[in-house]
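Engineer: What follows is a structure written as structure tokens; I'll ask about it next.
In our numbering, the protein residues as written are 6 to 91.
Take a look at the structure:
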């Protein structure tokens with residue numbers, strides 16, 4: 006007897022964030038080329054005339070010279086990642 010048809014879909018792995026998969030990894034000209042940005046002495050990065058302030062966290066007061074990655078999501082929002090964390 007043939008097997009009953011079932012769904013071919015599998016559940017997403019736990020912790021997988023589709024928003025992070027379906028985004029553009031951007032550089033200073035918003036191309037899809039992947040490029041890191043370096044944080045300035047005043048804890049900012051700039052992009053197209055806009056400045057983004059990088060706030061201290063529990064481990065670092067300053068991120069001067071740290072390398073970060075910018076993601077632009079399909080909804081237009083921008084997220085900045087340091088060592089894989091937003």
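We put the CB at the ideal spot given by N, CA and C, even for glycine.
Quick one: is residue 69 buried, meaning 16 or more other Cβ sit within 10 Å of its Cβ, or exposed?
Structural biologist: The residue given as residue 69 occupies position 64 in the chain shown. By the 10 Å Cβ count, residue 69 comes out exposed.
Engineer: Could you give the residue range of the beta strand (DSSP E) that holds residue 74?
Structural biologist: Counted from its first residue, the chain shown places residue 74 at position 69. Here the beta strand (DSSP E) through residue 74 covers 72-78.
Engineer: Would you call the region 42-54 and the region 69-78 in contact, with 3 or more CB pairs under 8 Å?
Structural biologist: Yes, the region 42-54 is in contact with the region 69-78.
Engineer: Alpha carbon to alpha carbon, what distance is there between residue 9 and residue 77?
Structural biologist: Translated into positions along the chain shown, residue 77 becomes position 72. Translated into positions along the chain shown, residue 9 becomes position 4. If you take the alpha carbons of residue 77 and residue 9, they lie about 43 Å apart.
Engineer: Roughly how many angstroms separate the alpha carbons of residue 18 and residue 65, rounded to a whole number?
Structural biologist: If you number the chain shown from 1, residue 18 lands on position 13. If you number the chain shown from 1, residue 65 lands on position 60. Each residue's Cα considered, the two are about 31 Å apart.
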